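So the structure is just underneath, and the comments pick up after that.
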Amino acid sequence: MMRWFPLAALSLALALPDSPAQDIVPAGKNSVPNGNFDRTREQQNVWYGVNSDGVLAGERGRLPVLTAEGTIGDADLPVSAAIADMNSDGLPDIVSMDVLGYLRIYFNKGTPQAPKFTTGELGDIFLSRFALADFPGISDQILYARRAPRVYVTSLNGPGRKDLLVGNYMGEIFLIPNAGTPQKPDFRQPVQLARAEIPTTKDRNQRWGNVFAPCTWDWDRDGKEDLIIGEGSYSANNIHLLLNQGSPTHAVFDDTNRFVIAYGDGREQLSPAVADYNGDGIPDILVCDRSGQVAVHLGKAWKKESPELPFKELIPNLSAGNPATIAVGDMNGDGLFDLVFGKADGRIAMSLNTGSKTEPKFANPEDIHGDPASRPLILPEDWQVNYGLPRGNFYAFFTVVKAQEDPQAGIPDGSCLKAGYLSSQNTVMPAPSSYWPGQGKVDMTKPRFFDRSELFMRDAPARYFVLRQFNKFKLKLNTSYTVSFRVRGGRVIDGRVLVGWVGFHRLSPDEIKQSERGAVKVKSNEVREEGSENQEFTSSAQWSEVKRDFKTTVKAPELKAEKGTSDTLLEISFTLPPGSDPVYIDDVKIVEKTGT
Numbered sequence: 000m001m002r003w004f005p006l007a008a009l010s011l012a013l014a015l016p017d018s019p020a021q022d023i024v025p026a027g028k029n030s031v032p033n034g035n036f037d038r039t040r041e042q043q044n045v046w047y048g049v050n051s052d053g054v055l056a057g058e059r060g061r062l063p064v065l066t067a068e069g070t071i072g073d074a075d076l077p078v079s080a081a082i083a084d085m086n087s088d089g090l091p092d093i094v095s096m097d098v099l100g101y102l103r104i105y106f107n108k109g110t111p112q113a114p115k116f117t118t119g120e121l122g123d124i125f126l127s128r129f130a131l132a133d134f135p136g137i138s139d140q141i142l143y144a145r146r147a148p149r150v151y152v153t154s155l156n157g158p159g160r161k162d163l164l165v166g167n168y169m170g171e172i173f174l175i176p177n178a179g180t181p182q183k184p185d186f187r188q189p190v191q192l193a194r195a196e197i198p199t200t201k202d203r204n205q206r207w208g209n210v211f212a213p214c215t216w217d218w219d220r221d222g223k224e225d226l227i228i229g230e231g232s233y234s235a236n237n238i239h240l241l242l243n244q245g246s247p248t249h250a251v252f253d254d255t256n257r258f259v260i261a262y263g264d265g266r267e268q269l270s271p272a273v274a275d276y277n278g279d280g281i282p283d284i285l286v287c288d289r290s291g292q293v294a295v296h297l298g299k300a301w302k303k304e305s306p307e308l309p310f311k312e313l314i315p316n317l318s319a320g321n322p323a324t325i326a327v328g329d330m331n332g333d334g335l336f337d338l339v340f341g342k343a344d345g346r347i348a349m350s351l352n353t354g355s356k357t358e359p360k361f362a363n364p365e366d367i368h369g370d371p372a373s374r375p376l377i378l379p380e381d382w383q384v385n386y387g388l389p390r391g392n393f394y395a396f397f398t399v400v401k402a403q404e405d406p407q408a409g410i411p412d413g414s415c416l417k418a419g420y421l422s423s424q425n426t427v428m429p430a431p432s433s434y435w436p437g438q439g440k441v442d443m444t445k446p447r448f449f450d451r452s453e454l455f456m457r458d459a460p461a462r463y464f465v466l467r468q469f470n471k472f473k474l475k476l477n478t479s480y481t482v483s484f485r486v487r488g489g490r491v492i493d494g495r496v497l498v499g500w501v502g503f504h505r506l507s508p509d510e511i512k513q514s515e516r517g518a519v520k521v522k523s524n525e526v527r528e529e530g531s532e533n534q535e536f537t538s539s540a541q542w543s544e545v546k547r548d549f550k551t552t553v554k555a556p557e558l559k560a561e562k563g564t565s566d567t568l569l570e571i572s573f574t575l576p577p578g579s580d581p582v583y584i585d586d587v588k589i590v591e592k593t594g595t
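The opening position of the sequence shown corresponds to residue 0 in numbering that gives the first Met the number 0, with each subsequent residue numbered one higher.
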């Protein structure tokens with residue numbers, strides 16, 4: 000039976016925790032807090048692969064994994080990193096995938112002795128979108144199964160090739176071929192992702208591990224790359240070897256030729272790398288884990304009868320923090336292998352080997368700096384914003400701008416909210432596009448009161464932008480209001496503003512019954528009634544006002560005793576195609592009409 004972890008919302012700065020709603024405001028006053036976007040907070044902008052400190056970085060996120068206490072809990076998972084010369088200039092480059100699934104390649108602009116990195120070029124793949132049709136019968140709450148990818152540059156398709164091998168949280172492994180040239184790589188989204196999967200079991204519903212971290216090596220020395228997999232949060236947490244049953248240009252794997260070659264011994268989220276650690280000419284395995292430490296398993300001549308590589312030591316005085324992934328390569332041309340780590344804080348770090356071929360020596364890794372640093376996004380307090388970041392909407396953003404910062408906004412003073420796209424900085428790879436259209440048009444005509452995470456955006460197109468407040472204000476029941484805001488610019492498609500409310504009255508306390516076997520049943524005696532109003536809108540080159548009158552109508556007689564709503568929702572949403580001018584939004588209001 001396939002085993003899954005409990006659903007846990009991916010922790011992004013996009014979603015704010017809900018706070019108690021304010022009191023009902025008097026008639027004629029704006030009920031919407033921060034409707035002019037004057038109060039703000041910062042969020043890192045890493046579209047170009049560099050954070051505001053100038054450090055190479057990707058998006059951060061949390062997923063449920065096995066903790067040190069032996070329970071399942073949310074934990075920060077690391078970005079992953081690989082080392083390879085991706086443009087055939089003789090310099091080692093860094094390939095990275097972050098927790099959301101964005102691929103970045105940092106092309107080395109330095110020299111063989113002194114690596115230098117600027118920005119990360121985004122690849123045109125996003126393997127994380129989860130379609131329920133891909134897994135019939137699986138709960139629709141398993142939304143993050145393809146996140147936390149671990150990337151490796153492989154030659155499985157033939158000697159000298161630089162294709163990508165990508166493992167994920169679910170325990171899948173995909174092979175993504177380079178559709179470009181050795182000088183200009185190009186990684187494209189598979190038309191059918193299932194066809195890109197490397198089967199590691201005969202029944203895809205009978206998985207033997209998860210949080211897969213793959214790499215390849217000709218382990219049995221038969222001229223074919225074999226598959227080495229570190230696994231993550233349940234099962235035995237080991238390093239597995241799958242022998243290649245195919246050819247040097249067409250790899251074939253199955254779990255009948257799977258061997259445990261290194262035991263985790265209680266360590267979790269294992270990330271393997273192959274290097275000759277002690278200079279004896281035999282490949283060894285280095286394993287980074289959730290503690291950020293690196294275990295050494297010394298290699299030996301391969302035998303099916305005794306495949307295990309015993310644990311030798313933890314590399315002394317070395318820790319990348321927790322958890323981390325690992326990659327090996329000669330970064331400074333001295334003939335010694337160095338270490339590059341992807342960390343749970345989203346950053347990429349490096350530890351140079353200052354020892355010798357027989358006695359390597361490493362210090363704690365230092366963050367790798369790029370150029371230039373990225374300015375953070377400025378997001379409005381009290382609002383949830385979603386600009387498609389979890390859905391592969393490349394370069395999209397929301398940010399608050401002031402009049403003096405952005406004359407194009409055309410506001411005399413104060414602030415407004417800006418939505419749009421950054422320009423691609425790719426110079427080697429083709430610029431990515433929003434390739435995922437979604438599984439259908441999102442129905443914005445109904446509120447989703449209790450669906451406050453990205454669940455409600457699961458099937459939305461990548462280019463969908465949402466500005467949202469949930470329970471940030473209260474309204475009177477059976478009262479007339481006007482919702483309005485100003486909008487300018489862009490090429491808004493399917494624009495809509497929605498207001499939703501709930502009337503609620505408890506008729507009596509909950510009745511709790513306990514059966515003889517200890518089962519507890521709760522019977523509620525309550526009246527609940529939902530209502531909503533919505534208005535379509537477009538935009539133009541000039542500021543225009545969107546306005547809709549509505550009444551918070553409820554019909555149940557029991558609700559007559561209730562003065563105010565129990566839940567409220569305000570959403571402004573639209574689709575914005577890449578290449579459009581930015582959209583500006585300001586003066587969001589819900590005002591009670593006087594005399595009602």
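All residues carry an ideal CB built from backbone N, CA and C; glycine is no exception.
Here the structure is a predicted model, which is why all the values come from computation and not from measurement.
Residue nearest to residue i in terms of C-alpha spacing, selected from the options
i	options	result
residue 110	240, 66, 324, 330	330
residue 291	278, 324, 261	324
residue 355	369, 278, 578, 102	278
residue 575	170, 427, 482, 420	420
residue 202	294, 171, 60	171
residue 309	238, 254, 249	238
residue 548	593, 371, 385	593
residue 115	54, 159, 157	54
residue 102	337, 124, 488, 316	124
residue 146	333, 97, 247, 581	97
residue 386	106, 577, 430	577
residue 396	289, 263, 527, 374	374
residue 483	585, 302, 315	585
7 Å Cβ cutoff met for residue i and residue j
i	j	result
residue 211	residue 196	no
residue 257	residue 241	yes
residue 56	residue 345	yes
residue 152	residue 165	no
residue 283	residue 265	no
residue 193	residue 168	no
residue 551	residue 478	yes
residue 498	residue 544	no
residue 570	residue 480	no
residue 24	residue 588	no
residue 269	residue 286	yes
residue 414	residue 399	yes
residue 488	residue 573	no
residue 391	residue 459	no
residue 538	residue 486	yes
residue 369	residue 117	yes
Residue i, buried or exposed, once every other Cβ within 10 Å from all chains shown has been counted against 16
i	result
residue 365	exposed
residue 67	exposed
residue 267	buried
residue 92	buried
residue 83	buried
residue 363	exposed
residue 513	exposed
residue 507	exposed
residue 260	buried
residue 599	The chain is shown from 0 up to 595; residue 599 falls before or after that span and cannot be answered.
residue 371	exposed
residue 520	exposed
residue 541	exposed
residue 42	buried
residue 225	buried
residue 582	buried
residue 75	buried
residue 49	buried
Would you check if the stretch 557-564 and the stretch 473-485 touch, i.e. whether three or more CB-CB distances between them fall below 8 Å? Taking a cut-off of 8 Å for Cβ pairs, the stretch 473-485 and the stretch 557-564 touch, as three or more such pairs fall below it.
Would you call the stretch 169-189 in contact with the stretch 33-47, where contact means no fewer than 3 C-beta pairs closer than 8 Å? Under the three-pair Cβ rule at 8 Å, the stretch 169-189 does not count as touching the stretch 33-47.
Write down every uninterrupted run of the beta strand (DSSP E) in the stretch 315-380 whose length is 3 residues or greater and which is fully enclosed by it, in chain order. The stretch 315-380 contains these whole beta strand (DSSP E) runs: 323-328, 337-342, 347-350, 376-379.
Of all the alpha helix (DSSP H) runs that stay within the bounds of the stretch 490-538, which reach a length of 4 or more residues? Counting only runs of 4 or more, we get nothing.
In chain order, each beta strand (DSSP E) run of at least 3 residues that lies wholly inside the stretch 44-96: With a minimum length of 3 residues, the unbroken runs of beta strand (DSSP E) contained wholly in the stretch 44-96 fall at 61-65, 71-75, 79-83, 92-96.
What residue ranges within the stretch 550-575 form continuous beta strand (DSSP E) runs of no fewer than 3 residues, ordered along the chain? Correct list: 566-574.
Continuous alpha helix (DSSP H) assignments of at least 4 residues falling wholly in the stretch 192-255: Within the stretch 192-255, the complete alpha helix (DSSP H) runs of at least 4 residues are 192-195.
Whole runs of the beta strand (DSSP E) within the stretch 261-318, excluding any shorter than 3 residues: The beta strand (DSSP E) runs lying completely inside the stretch 261-318 and spanning 3 residues or more are 270-274, 283-287, 293-296, 310-313, given in chain order.
The stretch 367-386 in contact with the stretch 463-470 per 3-pair CB rule at 8 Å: Contact between the stretch 367-386 and the stretch 463-470 is present, because at least three Cβ pairs lie under 8 Å.
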